[in-house]
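Protein chains in written order, with the working numbering: chain A, 1 to 363; chain B, 364 to 726; chain C, 727 to 1089; chain D, 1090 to 1452.
There are 4 protein chains.
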Amino acid sequence: MAGNTLGTLFTVTTAGESHGPALVAIVDGCPPGLALSAADLQLDLDRRKPGTSRHTTQRQEPDEVEILSGVFEGRTTGCPIGLLIRNTDQKSKDYSAIKDLFRPAHADYTYHHKYGIRDYRGGGRSSARETAMRVAAGAIARKYLASQGITVRGYMSQLGPIEIPFKNWEAVSQNAFFSADPDKVPELEAYMDQLRRDQDSVGARITVIAEGVPPGLGEPVFDRLDAELAYALMNINAVKGVEIGAGFASVSQRGTEHRDELTPEGFVSNHAGGVLGGISSGQPIVAHLALKPTSSITTPGRSIDTAGNPVEVITKGRHDPCVGIRATPIAEAMMAMVLMDHLLRHRAQNADVQVDTPVLGQL
Amino acid sequence: MAGNTLGTLFTVTTAGESHGPALVAIVDGCPPGLALSAADLQLDLDRRKPGTSRHTTQRQEPDEVEILSGVFEGRTTGCPIGLLIRNTDQKSKDYSAIKDLFRPAHADYTYHHKYGIRDYRGGGRSSARETAMRVAAGAIARKYLASQGITVRGYMSQLGPIEIPFKNWEAVSQNAFFSADPDKVPELEAYMDQLRRDQDSVGARITVIAEGVPPGLGEPVFDRLDAELAYALMNINAVKGVEIGAGFASVSQRGTEHRDELTPEGFVSNHAGGVLGGISSGQPIVAHLALKPTSSITTPGRSIDTAGNPVEVITKGRHDPCVGIRATPIAEAMMAMVLMDHLLRHRAQNADVQVDTPVLGQL
Amino acid sequence: MAGNTLGTLFTVTTAGESHGPALVAIVDGCPPGLALSAADLQLDLDRRKPGTSRHTTQRQEPDEVEILSGVFEGRTTGCPIGLLIRNTDQKSKDYSAIKDLFRPAHADYTYHHKYGIRDYRGGGRSSARETAMRVAAGAIARKYLASQGITVRGYMSQLGPIEIPFKNWEAVSQNAFFSADPDKVPELEAYMDQLRRDQDSVGARITVIAEGVPPGLGEPVFDRLDAELAYALMNINAVKGVEIGAGFASVSQRGTEHRDELTPEGFVSNHAGGVLGGISSGQPIVAHLALKPTSSITTPGRSIDTAGNPVEVITKGRHDPCVGIRATPIAEAMMAMVLMDHLLRHRAQNADVQVDTPVLGQL
Amino acid sequence: MAGNTLGTLFTVTTAGESHGPALVAIVDGCPPGLALSAADLQLDLDRRKPGTSRHTTQRQEPDEVEILSGVFEGRTTGCPIGLLIRNTDQKSKDYSAIKDLFRPAHADYTYHHKYGIRDYRGGGRSSARETAMRVAAGAIARKYLASQGITVRGYMSQLGPIEIPFKNWEAVSQNAFFSADPDKVPELEAYMDQLRRDQDSVGARITVIAEGVPPGLGEPVFDRLDAELAYALMNINAVKGVEIGAGFASVSQRGTEHRDELTPEGFVSNHAGGVLGGISSGQPIVAHLALKPTSSITTPGRSIDTAGNPVEVITKGRHDPCVGIRATPIAEAMMAMVLMDHLLRHRAQNADVQVDTPVLGQL
């Protein structure tokens, strides 16, 4: 309950700091019998990995994951799955300069007040490096969900001021930005190159979509599926907003416009983003998240030190000028873990339920 | 874990349907010694109560709460506080027409698939009537927080297309809209009157702010304070989006603009909304939520019945044309319960922490 | 997490004090579609009810339970079930004498130090009166379990020095002691009559057995079925010990004696009490519990008051000279709730598991 | 919630099988600032380690623990502590013979039915090897508790038919049996030597005592301190019974005998075992546990194979003829983790409580 475990039935507990010996996770509650190997996890880890293009941090981490338990003869046993990733490319001396001061918009100041002590190297526990373990755990969820016909995919829908329309899923894996529009890539590259020259950073918007989710997932009052997604996505470093379906656009919508009518052929629209009354409707689950610009920039900023004196801060080290670029696999992982958890929760209580009403698709 | 309990250490469990005999809640984890009476809860309940203006549902519910336990001689004992509100103005016959069909954008279809059986009267468990109990429980949290110097207040910041600027807190209690700008009220009233004539509904945006929160609340990785707030607020009926601080505006912000610099006199801005790395910074906690337009409108809409046949639906009964109007006290309650929970969680682990660094205010 | 909720998926949260307005409970996670009425709960409540023989407290409580939610047209809906029992026969003036002192072996001293304030009337929250709600909630679990072929039954196996052998289940409901041996009843009555004349109290041993439990319930390492039973049974007021199967007798057993051999016809013995490696084996689940003699006796005892001065205490009021006499329905309820919870947990993770190995019975 | 996490605020999650690559644990919720190194954990691990005398299994495991996170410059940071122990001395070929059959009184049969698949090597997850991680995690709890003046110590109080009286704590570390009576050691050695010749095993009774526990730990109704201890101790492999204080002896006690009277100088007795109404009284917390004889013996036994055919089983491999011999450090670890958890829970809710009543000691 100290905030390092996600989920109720499918639980993921992580530990590890950016510059400590290793990242570790325990994934509990995976059903037995799922074919699983480290290679399955590595696929997603490589998508999140730093240093794969000039637009992300140049830290070189192989992020090679080892499965320590819970898999026997290539299948999950139902027992907890231990995961280990050794840190290899820590350059901790980069960070000694920030030992006694607080980088603006980082967690330095809040960790200091909360714990009185902090591993300042590379952000320690507050570093997004921790999300490597979420991606690894999420890959387990994604593989199980796939066996149930459920896919979770994401893409970048906005980089700074540039909106990126959805064209097709194939494009996403073919550029460094997770752009679903291949034609936008040159513009994104040019923007990022200028941003680096400006010694600045920028925010991004990511969209994640789950398809094949059966109706019925989510709990009615406090563990609504949309609330659990909001929780999971807001738990990603740098996220400042989450929308389900129409999101903030629904503020100025009218009821006649927003409501998704039902016909025997399917739902005629999906402003709800696949969730009604906190429970999945069978339509695609659609979520958007806003990531702030990272504060690790070399443009000097004002701050104070631990004694309260004014200081000027320049964040050196190796950083992502847009943390949103690598956020898509993390967002997919978070959504997958939430869906996995609720799939199990739904089975627990409602295993006996049978209705004759047809399940509607999306028109 | 079936989704009717909120919180980890300060927990609120609710039960009750819109047209059942009663709503009930058990509030657990409140520290002992807090002066508390039913009147304290009634204050907030009356702010949420239906039927107080022509702009909300005309259902007449006194929403009178009885404290069943956990209070002795006017003070909390540390034992669980049982709360009871009897339903009095159910007009259940209104609803028999919708017994075998699904109102668009309601939870009818999803409850049906999840449970195979549902109390269709007034939405049953999915009705926002359940939030009365959250407001009552939230009042306990708010009273305790007040004793620690923490206030939680909200206002409506947008009604449909009309943006409502913040002028002052005093205005909020003096109009039916929780508008912090008294000059906007006539425009809001005119808009709502036209909306009723149009037999339509509209969305809204609410802003909630907590002041006096000490730095250190929130957990670092999965139970971040902002994530818990997103979860809590998205758990309110009709909410489709949540922002912390700059929210979606941070997508197009640059790092030099977004980062809140620190000076010995205080933070120079609050784009973060009072949360850094998932932990409160001592600045005001600022959250925004988007509520969709209710789907309970008398303009006919297409749907299907439980056998899958097409039907036309007109939602009769007594409904709010803008559910956002009564949402402010609910949002305050949710934020208060989250803060209360994290105040206790923080104490548990970090009771011994002492630092000399001054706590910054907001410039 | 303040200790008033039992269970993980089938959860029971209770509130209420001995002399407050009411007892209340919220039962969450019951599968939808179970036929349920207040009369189902009343049956078990009446078995636990005080004042039904001269051997228990003379407090007269009808213990009439009202279902507030979660049941629609005679069936559970999958939504939380609210339960209410009004207290009617409080004689609180009996207790003013003990307001500022600590009855030996009661919770007075520990509540005082924990909370600084306590509802001293009738023990407040620490009174076994709270267990009425467990019996009501347990009745829901028992009804669902019965629909799955699982029965939970208990009997008194020892009263003070008198061991009571198991003869048959029919006898249990035909005497005030829950004795499974009708021939022992006169001896028990005589013992109790003498005990009252001695102004003393005595302990008891209860045995609870579940039959029809399928193999596979329980989790492997920390939520073992036997551990969860030990937890649940030790949570009953006055319980000081719990055994599963051979219990403490296994200390002096040898492996060749203790191990329950398997044959194609079934297990040849059941020293394990139906649990192997923390997981049910399909054999009957057998648990024993030790209840201490109540400390509410009229024989004076030494104690101190809240200022630390020595005092002499005589507990007046209406008390059970052997709290074990009414403990059987409570123990059944606790075991039923644990089994119910683990039935749901097992389904969540292992819904897909199929093995060809036959399930063994008990020879 | 799949049963591999212990605790509410101080949580310990473990993973790993007897013959897999490694054991791993994540300890969350430890307060920041505690001086901690791997050597602190190694001390207790070495006490549990196999192969240190001829009376335990001859498997040679160095059980060397590595701290992966949560400690910075020799102090805990408040972030989760990752622990790793590599398995080194697996002789998995020993186990292929039992791949398709069920050893009597082992978890083979129940795991098979629960999961449909199991790592049969050395018992896999059901092996007591997993408890190494509990001892490591428990050492963290013990070190923190020691800083608060709380000590947790245990000893063997019975080996098969031989009762072992308590003489002094110093003796415990000076013999292989954790006997608190040095004079009993020769008798214990002779008994164990004969047992090996008999190719049999035997049970044991362990007593664990915590001193210095302040009054107030434990929750009133469902998370009573004694219930949590019963849960934790029953979660140890082979445990079949748990007693608090007088335990089963209280069945035949009278109230005048059992109740621990209070005087200004202290409690006059401790039949309660330090817990009243589920809450610590400030007296020593006393628990006893019964361990069954291991079923891994070379004397042949009847069983069935996975197809249901009768087979004869001889358990080879390297086993403890009395698993109770190495159980003392495990029981201490479990008690320590429960106390640690409740210390944090108590602080969360009751940080403000102050009473003038003196805390009584034990006469």
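C-beta atoms are modelled at their ideal positions from N, C-alpha and C, and glycine is treated no differently.
Because the structure is a prediction, the values reported are computed rather than measured.
Burial state of residue i, where buried means 16 or more other Cβ atoms lie within 10 Å
{"i": "R196/A", "result": "exposed"}
{"i": "T439/B", "result": "buried"}
{"i": "A190/A", "result": "exposed"}
{"i": "D546/B", "result": "exposed"}
{"i": "Q1283/D", "result": "exposed"}
{"i": "L1365/D", "result": "buried"}
{"i": "N531/B", "result": "exposed"}
{"i": "A590/B", "result": "buried"}
{"i": "L769/C", "result": "exposed"}
{"i": "G74/A", "result": "exposed"}
{"i": "A751/C", "result": "buried"}
Beta carbon of residue i nearer than 7 Å to that of residue j
{"i": "S1339/D", "j": "R1294/D", "result": "no"}
{"i": "P941/C", "j": "H1195/D", "result": "no"}
{"i": "Y1209/D", "j": "Y1244/D", "result": "no"}
{"i": "E66/A", "j": "D89/A", "result": "no"}
{"i": "I244/A", "j": "K655/B", "result": "no"}
{"i": "G485/B", "j": "E219/A", "result": "no"}
{"i": "I1174/D", "j": "A1217/D", "result": "no"}
{"i": "G1004/C", "j": "G1087/C", "result": "no"}
{"i": "L1404/D", "j": "S1392/D", "result": "Correcting the residue identity first, residue 1404/D is Thr in this sequence and not Leu. No, these two residues do not count as a Cβ contact at 7 Å."}
{"i": "P21/A", "j": "L1157/D", "result": "yes"}
For residue i, the nearest candidate out of the options (CA to CA)
{"i": "R259/A", "options": "V565/B, P627/B, E620/B", "result": "V565/B"}
{"i": "Q562/B", "options": "R449/B, T662/B, Q405/B, L408/B", "result": "T662/B"}
{"i": "L1130/D", "options": "I1419/D, L1452/D, D1441/D", "result": "I1419/D"}
{"i": "A653/B", "options": "V576/B, P524/B, G640/B, G479/B", "result": "P524/B"}
{"i": "G149/A", "options": "M340/A, G82/A, Q349/A, A351/A", "result": "M340/A"}
{"i": "L707/B", "options": "G366/B, L447/B, T371/B, T691/B", "result": "T371/B"}
{"i": "L262/A", "options": "A146/A, L84/A, S37/A, L363/A", "result": "L363/A"}
{"i": "P1242/D", "options": "R1313/D, A1124/D, V1302/D, N1176/D", "result": "Residue 1242/D is actually Arg in this sequence, not Pro. Here the closest residue by C-alpha is V1302/D."}
Beta-ladder partner(s) of residue i, from DSSP
{"i": "E526/B", "result": "Q521/B"}
{"i": "R812/C", "result": "A748/C"}
{"i": "G967/C", "result": "A1016/C, E1332/D"}
{"i": "G1355/D", "result": "T1352/D"}
{"i": "G16/A", "result": "None, per the DSSP bridge assignment."}
{"i": "L1132/D", "result": "None, per the DSSP bridge assignment."}
{"i": "F1191/D", "result": "For F1191/D, which the question treats as bridged, DSSP gives no partner whatsoever."}
{"i": "V1001/C", "result": "S1006/C"}
{"i": "G1390/D", "result": "V1402/D"}
{"i": "L732/C", "result": "V738/C"}
{"i": "E1300/D", "result": "T1240/D"}
**OP:** Inspect the CB distances between the region 1393-1403 of chain D and the region 1080-1087 of chain C and report whether three or more fall short of 8 Å.
**Re:** yes
Original post:
Should the region 740-751 of chain C be called in touch with the region 763-782 of chain C, which here means at least 3 C-beta pairs below 8 Å?
Top reply: no
Original post:
Are the region 643-661 of chain B and the region 567-582 of chain B touching, with three or more C-beta to C-beta distances below 8 Å?
Top reply: yes
**OP:** Take every Cβ of the region 743-759 of chain C, pair it with every Cβ of the region 858-870 of chain C, and state whether three or more of those distances are shorter than 8 Å.
**Re:** Touching, yes, given that three or more Cβ pairs across the two stretches are closer than 8 Å.
Subject >> Cβ contact (3+ pairs, closer than 8 Å) linking the region 324-339 of chain A and the region 130-138 of chain A >> reply: yes
Original post:
Is there contact between the region 215-233 of chain A and the region 626-643 of chain B, where contact requires at least three CB pairs shorter than 8 Å?
Top reply: no
Original post:
When the Cβ atoms of the region 530-549 of chain B are set against those of the region 604-613 of chain B, are three or more pairs found closer than 8 Å?
Top reply: no
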